[in-house]
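Chemist:
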Amino acid sequence: MEFDPLLADSTRLKIVALLASCDWAEFSFVRESAGLSKSALSKQIAKLEANEYVQVHKGYVGKFPRTSLKLTDTGRTAIEDHLAALQRIVDQSRGGTSSP
Amino acid sequence: MADIDPSEASRNLQEAQTARQGAATTLAGGRVRWALAGGGVFAASVLVWLTGPDPNNLFTSVLLLVAVVAALLARSPRWAGLTGSRARMTGSAGRRVRTLALVTMIAVLVLFVPVNMAVVHWMGEPYPIAGAFVGIVLALAGPPFARWWMTEPESRG
Numbered sequence: 000m001e002f003d004p005l006l007a008d009s010t011r012l013k014i015v016a017l018l019a020s021c022d023w024a025e026f027s028f029v030r031e032s033a034g035l036s037k038s039a040l041s042k043q044i045a046k047l048e049a050n051e052y053v054q055v056h057k058g059y060v061g062k063f064p065r066t067s068l069k070l071t072d073t074g075r076t077a078i079e080d081h082l083a084a085l086q087r088i089v090d091q092s093r094g095g096t097s098s099p
Numbered sequence: 000m001a002d003i004d005p006s007e008a009s010r011n012l013q014e015a016q017t018a019r020q021g022a023a024t025t026l027a028g029g030r031v032r033w034a035l036a037g038g039g040v041f042a043a044s045v046l047v048w049l050t051g052p053d054p055n056n057l058f059t060s061v062l063l064l065v066a067v068v069a070a071l072l073a074r075s076p077r078w079a080g081l082t083g084s085r086a087r088m089t090g091s092a093g094r095r096v097r098t099l100a101l102v103t104m105i106a107v108l109v110l111f112v113p114v115n116m117a118v119v120h121w122m123g124e125p126y127p128i129a130g131a132f133v134g135i136v137l138a139l140a141g142p143p144f145a146r147w148w149m150t151e152p153e154s155r156g
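Protein chains in written order, with numbering that gives the first Met the number 0: chain A, 0 to 99; chain B, 0 to 156.
Have a look at this one:
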């Protein structure tokens, strides 16, 4: 279990944590839930996609564009390991026993 | 590992948890399109009730078909938008959303029994559009209840 440098950024952590609880999510839903602008989210998603953490599907329903996001297995493993590592630090600071 | 101090780690964990919880709450609350659709179905059913003999079976069948099609569409990232779904939650958040939907439906059905008894008492015949009535109550009463249920227990009024 290690820290992921990509998830050290709190905005990216928020996005990935949100996607981790979904099978898939619409771009606009993630944008509103994370409280980001369209361009800010696009920028973060591009980084996550380049690292194969997120899969982006762009399609159309009728004339309307619909972009959906999905966390890959790599991304899912990364967030789980990252959160476990954070939890271990918190546990250690409280003087509790940490899992190996 | 020493790069992150415990307070920052705790804050990051809290942010991740808040993001998940916020998504579940938004998802449960965002059902305006369903409420409008429920209102449309209800208005149409009243019109048919006033002009037709017994549309109960027809409406029950149509609503059942709509519910099945909507449930299937909601699984697809491409078509789910048509049903008002903007994400499909998994894990404990997904179980909460689906359990809540089921509990709300059962509660509304239970609520319908005394309403129908009152209609029978005043009008002498059972309300013939039970499906549409349940649909509209569910569409209108579901989201506020969902929002309340999804908030932290200590924040409930």
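Here a beta-carbon is modelled for each residue, glycine too, at the ideal position from N, C-alpha and C.
Where does B:W121 sit, in a helix, a strand or coil, going by DSSP?
Modeler: helix
Chemist: Looking at the secondary structure, which residues open and close the beta strand (DSSP E) in which A:D22 lies?
Modeler: 21–25
Chemist: Which one or two residues does DSSP pair with A:Y59 in a beta bridge?
Modeler: A:P64
Chemist: Which two residues bound the contiguous beta strand (DSSP E) that contains B:T79?
Modeler: One detail in the question is off: residue 79 of chain B reads as Ala in this sequence, not Thr. Segment: none, B:A79 is in no beta strand (DSSP E) and carries neither H nor E.
Chemist: According to the Cβ coordinates, are A:E31 and B:T25 closer than 9 Å?
Modeler: A contact, by the Cβ cut-off of 9 Å.
Chemist: So what does DSSP say about B:R87, is it helix, strand or coil?
Modeler: In the structure shown, B:R87 falls within a strand segment according to DSSP collapsed to helix, strand and coil.
Chemist: At the 9 Å Cβ level, is A:S36 part of the contact set with chain B, yes or no?
Modeler: Chain B has no Cβ within less than 9 Å of the Cβ of A:S36.
Chemist: Hey, out of A:A39, A:I78, A:R93, whose CA is closest to B:E14's CA?
Modeler: A:I78
Chemist: Near A:A19, which residues of its chain fall below 7 Å by C-beta distance, leaving aside the five closest residues on each side in sequence?
Modeler: L70, R75, I78
Chemist: Should A:H81 be labelled buried (16 or more other beta-carbon atoms within 10 Å of its own) or exposed?
Modeler: So A:H81 ends up on the buried side.
Chemist: Kindly indicate which residue of B:T17, B:Q20, B:R77 has the alpha-carbon position closest to the one of A:P64.
Modeler: B:R77
Chemist: Would you kindly check if the distance between the Cβ of A:L47 and the Cβ of A:V15 is under 9 Å?
Modeler: Yes, the Cβ-Cβ distance between A:V15 and A:L47 is below 9 Å.
Chemist: Spatial neighbours of A:D3 within its chain, please: C-beta separation below 6 Å, excluding the five flanking residues on both sides.
Modeler: A77, H81
Chemist: Going along chain A, which residues have a C-beta under 9 Å from B:T98?
Modeler: Simply none; closest approach about 15 Å.
Chemist: Which residues of chain B have a Cβ atom closer than 7 Å to the Cβ of A:G58, listed in chain order?
Modeler: R77
Chemist: Among A:Q86, A:N50, A:L5, A:K62, which has the Cα closest to the Cα of B:R16?
Modeler: A small fix is needed here, since residue 16 of chain B is Gln in this sequence, not Arg. For the residues A:Q86, A:N50, A:L5, A:K62, the minimum Cα distance to B:Q16 belongs to A:Q86.
Chemist: State the DSSP-derived secondary structure class of B:R155, mapped to helix, strand or coil.
Modeler: Because B:R155 carries a pLDDT of 48, less than 50, the predicted location of this residue cannot be relied on, and the following value inherits that uncertainty. If DSSP states are grouped into helix, strand and coil, B:R155 belongs with coil.
Chemist: Given that a residue counts as buried once 16 or more other Cβ atoms are within 10 Å of its Cβ, and exposed if not, what is A:R93?
Modeler: exposed
Chemist: Kindly identify the DSSP beta-bridge partner or partners of A:V89.
Modeler: Answer by DSSP bridge pairing: none, since A:V89 is not bridged.
Chemist: Which bits of chain B does A:L82 rub up against, with CB to CB less than 7 Å?
Modeler: L12, A15
Chemist: Helix, strand or coil for A:L70, going by three-state DSSP, please let me know.
Modeler: strand
Chemist: Taking just the CA atoms, how far does A:Q91 sit from B:G21?
Modeler: A straight line joining the alpha-carbon of B:G21 with that of A:Q91 spans about 28 Å.
Chemist: Do you know how far the Cα of A:K62 is from the Cα of A:A83?
Modeler: 43 Å
Chemist: Of all the CB atoms in chain B, is at least one closer than 9 Å to the CB of A:L17?
Modeler: Answer yes: the Cβ-Cβ gap between A:L17 and chain B drops below 9 Å somewhere.
Chemist: Could you tell me the alpha carbon to alpha carbon distance between B:A18 and B:T98, rounded to whole angstroms?
Modeler: For B:A18 and B:T98, the gap between their C-alpha atoms comes out near 20 Å.
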